[in-house]
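Per the UniProt record's numbering, residue 1 is the first one in the sequence shown, and the count goes up by one each step.
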Amino acid sequence: MGLLRIPRQDNQEGFVLVHIVPLAQKAAATLNVKILATEGGAPFALTLKQNQVQKLKSKKAPCTDSEWEAILEVILLQQESDLEKAAATEGIEVEAAIEEDVAVELVFKKSTSGITQRLGSLRLLHDEDQEIELFDWCGASIQHSHSLTSTLKSAQVDLLKEQSKSQKLAEQLEDLLKAKGDHEHALLEKFSLLLNEKKAKIRELQAGGGEVEMEMPNRHKKESPVEENAGKSRRGKRKAETVEPEEGEEMAVDDEGKEEGATRDTSDEQETEDEDEEPVAARRGGGRGGGRGGKAEAEAEAMDEDGSATESEDDGL
């Protein structure tokens with residue numbers, strides 16, 4: 001059962017009460033219904049069948065047959081819980097055009113951007129045999145109102161629960177985003193520190209390699225004077241050794257002539273030893289820049305020894 005209040009089309013403040021009753025208990029969800037209406041004085045009635053719905057639609061209506069059926073179901077049967085059907089009734093208006101003691105026509109219109117288009121109408125003829133039971137209508141209306149109120153309260157409770165869940169999820173999301181930001185900031189700091197440490201190590205390695213390269217030539221320079229000193233000391237020893245045989249030769253001249261052959265042998269051996277040691281002294285004394293000087297000194301020493309040897313021979317003779 002349903003009770004509707006439809007405003008009058010003649011701009012008066014009056015209205016028409018429309019009562020809808022299904023023809024069968026099992027057919028409550030269909031458009032097989034009986035419609036009674038009154039403007040407050042006379043009864044009007046219409047028996048609507050599901051197979052007659054398409055005939056009631058206007059030929060120029062901007063809607064399909066299925067949309068027209070959905071509009072009638074939502075408005076007459078108050079099936080507002082079906083969201084798909086309820087969406088089809090957006091912008092739909094219903095007005096009552098009254099012909100005194102003749103008929104009441106329920107006109108369905110749709111307004112779009114200030115333009116009103118007629119979708120269809122239901123014509124209820126005057127019928128004196130119909131009884132208007134306002135008391136029963138009011139009771140049914142109040143019961144329906146209570147049912148809607150209960151449904152509304154239940155929906156509000158569910159809405160509050162969902163809002164609470166949504167708020168908690170939003171807070172958790174905010175915490176997660178904050179934690180993510182802090183974690184990313186910490187990672188960036190660690191990465192920056194690690195990068196700086198690696199750069200510092202690379203600089204230390206580069207600086208250490210330069211110092212090693214600079215130290216190597218200095219070591220060579222420090223060792224060269226030692227080698228030169230060693231070469232000079234060795235040459236000095238050789239000169240001292242060559243002087244001793246000369247003194248021995250002079251003593252042999254005063255003694256017997258038998259020692260002349262021995263003196264010659266010793267001088268020859270000294271010459272061969274000096275010749276063998278000259279290249280070694282030249283290499284040690286020359287190093288990186290003194291090769292020529294070493295050779296000159298060796299030649300001078302050889303000449304001195306040759307001279308001393310010839311002198312000793314002459315003395316022996």
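For every residue, glycine included, the Cβ atom is placed at its ideal position computed from N, Cα and C.
- If you check the CB distance, proline 7 and phenylalanine 15 come in under 9 Å.
- Valine 102 carries a coil assignment under DSSP once its states are collapsed to helix, strand and coil.
- Proximity to arginine 118 across His146, Arg5, Pro62, Asp101 peaks at Pro62, based on C-alpha coordinates.
- By the neighbour-count criterion, in which a residue is buried when 16 or more other Cβ atoms sit within 10 angstroms of its Cβ, phenylalanine 191 is exposed.
- For threonine 112, the secondary structure class from DSSP, reduced to helix, strand or coil, is strand.
- Take the alpha-carbon of histidine 19 and the one of glutamate 133: they are about 10 Å apart.
- Cβ neighbours of leucine 193 within its own chain (closer than 6 Å, five residues either side excluded): none.
- Annotation: lysine 34 is outside any alpha helix (DSSP H); the continuous beta strand (DSSP E) that includes it extends over 33 to 38.
- Separation of the CB atoms of glycine 91 and lysine 110 is rounded to 5 Å, and the pair is thereby assigned contact status at 8 Å.
- Remark: fewer than three beta-carbon pairs, one from each stretch, lie closer than 8 Å, so the stretch 55 to 71 and the stretch 141 to 150 are not flagged as touching.
- From the listed residues Arg5, Ala87, Ala96, the smallest Cα separation to asparagine 11 is found for Ala96.
- Annotation for alanine 86: the continuous alpha helix (DSSP H) segment containing it runs 83 to 88.
- About 21 Å separates the beta carbon of leucine 72 from that of threonine 38, a gap too long to meet the 8 Å contact definition.
- With contacts defined as CB atoms closer than 9 Å, leucine 4 and isoleucine 75 qualify as a contacting pair.
- Taking C-alpha positions only, serine 58 is separated from lysine 153 by approximately 39 Å.
- Residue state for lysine 55 is assigned as helix, using DSSP reduced to three classes.
- Between the C-alpha atoms of leucine 48 and glutamine 54 there is a straight-line separation of about 11 Å.
- Leucine 76: member of the alpha helix (DSSP H) spanning 65 to 76, first to last residue.
- Annotated three-state conformation of leucine 160 is helix, per DSSP.
- A distance below 9 Å separates the beta carbons of glutamate 105 and leucine 122.
- In terms of Cα proximity to valine 102, the closest of Ile115, His126, Asp158 is His126.
- With a threshold of 16 other beta carbon atoms within 10 Å, valine 94 meets it and is buried.
- Cβ contact annotation for lysine 165 (same chain, cutoff 6 Å, sequence separation greater than five): none.
- In the three-state DSSP reduction, glutamine 117 falls in the strand class (E or B).
- Residue pairing by DSSP places arginine 5 opposite Leu17 in a beta bridge.
- Beyond the five residues adjoining it in sequence on each side, glutamate 128 comes within less than 8 Å, by CB distance, of Ala42, Pro43 in the same chain, given in chain order.
- Going by DSSP, alanine 45 is part of the beta strand (DSSP E) stretching over 43 to 48.
- Taking a C-beta distance under 9 Å as the contact criterion, leucine 31 and glutamine 9 do not qualify as a contact pair.
- The DSSP-derived three-state label of leucine 188 is helix.
- In the three-state reduction of the DSSP assignment, alanine 97 falls in the strand class.
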